[in-house]
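**Q**
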Amino acid sequence: AQDIAICADCFAELSDPTDRRYQYPFINCTNCGPRFTIVKDLPYDRPMTTMVSFPMCRECEQEYHDPTSRRFHAQPNACPVCGPTIWFIDGPNSDGTIDTPGPHTPQGHLALDAFADAIHAGNIVAAKGVGGVHLACDATNRQAIATLRERKGRVEKPFAVMVSSVEQARQFAAVTEQEAVLLESKERPIVLLPKKHSTTFQAMLENVAPGNDFIGVLLPYSPLHYLLVERTSPLLLTSGNISDEPIVRTNSEAVRRLSHLADCFLLHNRDIHVVCDDSVVRCVDEGLLPIRRSRGYAPLPVRLSEDGPSVMAVGGEIKATFCVTKGTYAYLSQHIGDVGNLETLEALQRNVDHFVKLFRIDVQAVAGDLHPDNLSTRWAQQLASTWGVPFVPVQHHFAHAASLIAELAGPRDRSMIVCSFDGTGFGTDGAIWGGEFLLASRGGFERIAHLNYFPLLGGDASIRYPYRTALALLDKYALPWDERLSAVNASPPSERRLLRRQIEKGINTAQTSSMGRLFDAVASLLGIRHTITYEAQAAMELEALATTMIDHVSPSAYSFAFSSSHPRTVDYGRMLDAICSDVLDGVDQASIAAQFHHATARMVVDVCEAARRDYDVNTVGLTGGVFQNVLLLRLVQAALRTASFEVVSHTLVPPNDGGIALGQAVVARHVVE
Ligand code: ZN
Ligand code: ZN
Ligand code: FE
11 AQDIAICADC
21 FAELSDPTDR
31 RYQYPFINCT
41 NCGPRFTIVK
51 DLPYDRPMTT
61 MVSFPMCREC
71 EQEYHDPTSR
81 RFHAQPNACP
91 VCGPTIWFID
101 GPNSDGTIDT
111 PGPHTPQGHL
121 ALDAFADAIH
131 AGNIVAAKGV
141 GGVHLACDAT
151 NRQAIATLRE
161 RKGRVEKPFA
171 VMVSSVEQAR
181 QFAAVTEQEA
191 VLLESKERPI
201 VLLPKKHSTT
211 FQAMLENVAP
221 GNDFIGVLLP
231 YSPLHYLLVE
241 RTSPLLLTSG
251 NISDEPIVRT
261 NSEAVRRLSH
271 LADCFLLHNR
281 DIHVVCDDSV
291 VRCVDEGLLP
301 IRRSRGYAPL
311 PVRLSEDGPS
321 VMAVGGEIKA
331 TFCVTKGTYA
341 YLSQHIGDVG
351 NLETLEALQR
361 NVDHFVKLFR
371 IDVQAVAGDL
381 HPDNLSTRWA
391 QQLASTWGVP
401 FVPVQHHFAH
411 AASLIAELAG
421 PRDRSMIVCS
431 FDGTGFGTDG
441 AIWGGEFLLA
451 SRGGFERIAH
461 LNYFPLLGGD
471 ASIRYPYRTA
481 LALLDKYALP
491 WDERLSAVNA
501 SPPSERRLLR
511 RQIEKGINTA
521 QTSSMGRLFD
531 AVASLLGIRH
541 TITYEAQAAM
551 ELEALATTMI
561 DHVSPSAYSF
571 AFSSSHPRTV
581 DYGRMLDAIC
591 SDVLDGVDQA
601 SIAAQFHHAT
611 ARMVVDVCEA
621 ARRDYDVNTV
631 GLTGGVFQNV
641 LLLRLVQAAL
651 RTASFEVVSH
661 TLVPPNDGGI
671 ALGQAVVARH
681 VVE
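Okay, here's the thing in C-alpha cells:
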C-alpha cells in the first residue's frame, strides 16, 4: 500500500505536551504513516520493513498487540524511547564520512531547532524525509533561492513550497474548495495553484516560480514535516538530486551526492527502502489531473477491465515510471527520473526487481518504446533477454492512447479517436511524431491525422531553442524571416544562413509532427520566449498569457486547414501567417496566444468530426503532455462536447510520459495473450 499522511489522532498527539510522543517526528498508527517506502518484502509485517532495526519498547509492544489500540499491528509503530532518531550536522568529515550522532550533535527537537536556525540564516539544508532527501531553504529568501538554483543548475524551473496550512497558502495563491480538499487529502500531493497578488509574498512568488502563473504548494504529510513548518514556513522543498537523477535515499548517499548542494543536513535513521518523490497534481473543473503520480498514489493499482498475463513495461525516456500487471491490476511505479544517466537506470533496475519480488510476479513479456536507439528500449530488451521473455515494442503515442483506454477500464475492443499531443515520440515511419490523431484500441491503432511535418533542426538539442522551431515553421510555408519579428532577431544572421542551409540540405534534421514544438514556435513568434531552460517552459508561459485573454478575443480569428489524404495532414501555414501579421501590427501577445488556443481547439473538433464521419466513432480521448495545458484541455473538452462527442481524459495517470508505461503494459498484454 501507499504512504499515508499523518492522521488527525496522531497529529493531536504530536502537539500534546502530556503525550509520550509529543513532538516526535516518527508518529504513526494503523491509519497513517509510511508503508511503500519502508517495505522490503511481503507479507507486510514489521520484520519485512526497515523498522526491523528498532525493537519496540514495552509500551509500544503493548499497543502493537492490542486489538483495541489505534496501533494494533501498525508496522512502523515507534516512540522516542524505542524508535528512530533525528539529528542535525553541518556536513561530512573531510574524508567524506559522516559521524553517527555524538554527544554534541543536536538531536530530537534540538535538531529541528537547528534546522530552523539554518534555514533562517539563509542556508540550504538537505533534509531526509519519508520517500527521500529534500533540499530545503527559506521560500522568502531571494538569495537562498538564487544559490540553490545556481548549485542545482536549475535556472528558472519552478519549485514547490510547503506551507503550514491552507490559510497560509491562501495568502499567496487562489485555493478553491476542491483544491483545499486535495491539499489536505491523505495523499498530500503538490497542488499547482494559481498565484494571487500578495504584497507579503510577491518576491517569493517571483523567485520560486518565475514567469509562471502557478505555484506548487503542499501541506506537511509526515509529523517531521509538521515540526519543520511549525518552526519555519513557507519552506521551499525540492527533490534532493542532481537534475533528473533519482532522489537521494540514504544518509551516506545524501552526504556524498548532495554536499555540494547543501550547507547542512537533517538526517534520521529510519531507512528508506524505496524512494518516492512528492506527487504533483492540477485541478480541472471537478476532476484531478495527475502531473506526477508518486508518493501517496504509488503503487496503488489501476484496475483493468479483465484478467491477463503479467507483463513489465518500462515506460519512456523522460519522467520514467514502469508498470507491472497481475491479474486485473496494473501497478504503476512511482516517478523514477529521466533515463539517460546511470543513476536512473540503476534506480529503475532496483525498483523493477523490488516490484517483481513484492508482487510475486511471473513476467511473461517486457514492453518498451519503439525507438531502437532509446536507452530505455535497449535496457528493456536486455531485461527481456535476461528473463527469457519476448520484448514488445509499443509506439509512443499509441502507448499514451492505451494508457487512457486502460484507465477507463472499458471493454477490450473499445476503440476511440485519440488526440495524442506531446513533444516527441518515435513514429512507425521513422519521423518524430507529436501531433497525432489515432483511431486506437488496446489491440492496435491507425494514424488518422497528424500535424504536417516540418524539419526539427538539430534534433533533440533544438528543443531548447523555440526560435529555431519558429524559423523552420516559417520556412515550411515559405513565410519570410522578417527581422521585425523577435523570433527572427533571436537568431544572428550567420546562424540564420546556417539554418537555411540545414533546411535545404536536410543536415542533422528530423521530420516532426510535434504539437509541443508548434506551441514553442508560437511562443517564440509572439516574443514570449526564444530559449528555454526546462521542458515545456515556453508552452507554459504561452498558456499563462492566453488564460488572461481567453474570454475577450474572437474564437475564430485563426484557423488550421487539413487535407483529405490518408492520414490527413493538418496545416498551420495560414495561421502562422496571420499570427505574424498580428505581431507586426502590434496586437498584444495575450490576445494572439488566446486566439491560438481557440484555433487549436477548433482544429481538434474539425478533425474529429471528419474522423467521426469516416469511422463512426463518437468518443474522443485527450492524452499526451500537451494536455497538461489546462486551458487547452478545457477548451477542447468544451468544444468537443458542444459537437456532441463523448470526451475522456486522464484522472488516474499523467497525460505526460509518466503515464505511458501503463499503456505499454496493456498493449503488451494484448500481444502475448
Ligand atoms: Zn495516525
Ligand atoms: Zn516505544
Ligand atoms: Fe509523450
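For what it's worth, my numbering labels the leading residue of the sequence shown as 11, then goes sequentially. Glycine included, each C-beta is placed from N, C-alpha and C at the ideal position.
For I589, which residues does DSSP report across the bridge?
**A** DSSP, once it has assigned bridges, lists no residue as partnering I589.
**Q** Give me every residue whose Cβ sits closer than 7 Å to any heavy atom of ligand 2, in chain order.
**A** Those residues are M66, C67, E69, C70, A88, C89, V91, C92 and G93, given in chain order.
**Q** Under DSSP, the alpha helix (DSSP H) around H406 begins and ends at which residues?
**A** H406 to L418 is the extent of the alpha helix (DSSP H) around H406.
**Q** Identify the continuous beta strand (DSSP E) that holds G226 and give its terminal residues.
**A** Taken as a continuous stretch (DSSP letters only), the beta strand (DSSP E) holding G226 covers F224 to L228.
**Q** Under a Cβ-count criterion, where at least 16 other Cβ atoms within 10 Å of its own Cβ denotes burial, should I517 be classed as buried or exposed?
**A** Exposed, since its Cβ has fewer than 16 Cβ neighbours within 10 Å.
**Q** Do the CB positions of H144 and G250 come within less than 8 Å of each other?
**A** In this structure, G250 lies closer than 8 Å to H144 by Cβ.
**Q** If you measure from the CB of H9, is any heavy atom of ligand 3 nearer than 7 Å?
**A** Because the chain spans 11 through 683 in this model, residue 9 falls outside it and cannot be assessed.
**Q** Output the distance between the C-alpha atoms of D379 and C20, rounded to the nearest integer angstrom.
**A** C-alpha separation (whole angstroms): 45 Å.
**Q** Can you tell me whether DSSP reads P233 as helix, strand or coil?
**A** Of the three classes helix, strand and coil, the one that applies to P233 here is helix, per DSSP.
**Q** Pull up the distance between the alpha-carbon of I371 and that of R45, whole angstroms please.
**A** So the two alpha carbons sit approximately 20 Å from each other.
**Q** Looking at the structure shown, is C67 part of a helix, part of a strand, or coil, going by DSSP?
**A** Residue state, collapsed to three classes: coil.
**Q** Would you mind stating whether A620 and R578 have Cβ atoms separated by less than 8 Å?
**A** Closer than 8 Å, so yes.
**Q** Among all the DSSP beta bridges, which residues are the ones paired with C39?
**A** For C39, which the question treats as bridged, DSSP gives the partners C42.
**Q** Give me the Cα-Cα distance between D470 and Y341, rounded to the nearest whole angstrom.
**A** Computed Cα separation, rounded: 31 Å.
**Q** For P421, count the other beta carbons within 10 Å of its own beta carbon; 16 or more makes it buried, fewer makes it exposed. Which is it?
**A** Flag for P421 reads exposed.
**Q** Considering only heavy atoms of ligand 3, does any lie closer than 7 Å to the CB of G398?
**A** Every heavy atom of ligand 3 is 7 Å or more from the Cβ of G398, so no.
**Q** Using a threshold of 8 Å, state whether the C-beta atoms of H540 and P490 are closer than that.
**A** Not in contact: H540 and P490 (Cβ atoms no closer than 8 Å).
**Q** So, at 7 Å on beta carbons, what are the nonlocal neighbours of W97 in its own chain, with the 5 sequence-adjacent residues on each side left out?
**A** These residues qualify, in order along the chain: P111, T115, P116, Q117, A121 and L277.
**Q** For N103, count neighbouring Cβ atoms within 10 angstroms of its own Cβ and tell me buried if that reaches 16, exposed if not.
**A** N103 is exposed by the Cβ-count criterion.
**Q** From which residue to which residue does the alpha helix (DSSP H) around G250 run?
**A** Careful: G250 lies outside any alpha helix (DSSP H) and carries neither H nor E.
**Q** In the DSSP output, what is W97 paired with across the bridge?
**A** For W97, which the question treats as bridged, DSSP gives the partners Q117 and L277.
**Q** DSSP on H660, reduced to helix/strand/coil?
**A** In this structure, H660 counts as coil in the three-state DSSP scheme.
**Q** If contacts are defined as beta-carbon pairs under 8 Å, then L461 and I442 qualify, I think. What distance do you get, rounded to the angstrom?
**A** Their Cβ separation, rounded to whole angstroms, is 11 Å, which puts L461 and I442 out of contact at 8 Å.
**Q** Which complete alpha helix (DSSP H) runs does the stretch 435 to 487 hold, if anything under 4 residues is left out?
**A** As far as the stretch 435 to 487 is concerned, its whole alpha helix (DSSP H) runs of at least 4 residues are 476 to 486.
**Q** Does the stretch 358 to 372 come close enough to the stretch 666 to 678 to have 3 or more Cβ pairs within less than 8 Å?
**A** Touching, no, given that fewer than three Cβ pairs across the two stretches are closer than 8 Å.
**Q** Which stretch, first to last residue, makes up the beta strand (DSSP E) that contains T522?
**A** Looking at the DSSP string, the run of the beta strand (DSSP E) that includes T522 is T519 to T522.
**Q** Per DSSP, what kind of secondary structure is T387 in: helix, strand or coil?
**A** If DSSP states are grouped into helix, strand and coil, T387 belongs with the helices.
**Q** Assuming the contact rule is C-beta atoms closer than 8 Å, F570 and M613 should be a hit. Round their C-beta distance to whole Å, please.
**A** About 4 Å; that satisfies the 8 Å criterion.
**Q** What residue range is occupied by the uninterrupted beta strand (DSSP E) comprising A200?
**A** Here residue 200 is Ile; the residue named in the question, Ala, does not match the sequence. Here the beta strand (DSSP E) through I200 covers I200 to P204.
**Q** Tell me, please, whether the stretch 57 to 68 touches the stretch 145 to 160 by the rule of three or more beta-carbon pairs shorter than 8 Å.
**A** Cβ pair count under 8 Å is below three, so no.
**Q** Do the stretch 133 to 147 and the stretch 252 to 265 make contact, defined as three or more Cβ pairs closer than 8 Å?
**A** At 8 Å Cβ cutoff, the stretches touch.
**Q** Excluding the 5 residues flanking V617 on each side, which residues of the same chain have their C-beta closer than 7 Å to its C-beta?
**A** Counting only Cβ-Cβ distances below 7 Å, and skipping sequence neighbours, we find F447, A459, F572, R578 and V580.
**Q** If you measure between the beta carbons of N279 and T95, is that distance less than 8 Å?
**A** Cβ atoms of N279 and T95: closer than 8 Å.
**Q** Does the contact criterion of 3 or more C-beta pairs under 8 Å hold for the stretch 544 to 561 versus the stretch 409 to 429?
**A** Judged by Cβ distances under 8 Å, the stretch 544 to 561 makes no contact with the stretch 409 to 429, as fewer than three pairs qualify.
**Q** Measuring alpha carbon to alpha carbon, tell me which of G453, I560, D439 and S496 ends up nearest Q521.
**A** Closest by alpha carbon: D439.
**Q** Under the rule that 16 or more other beta-carbon atoms within 10 Å means buried, what is P230, buried or exposed?
**A** That one is buried.
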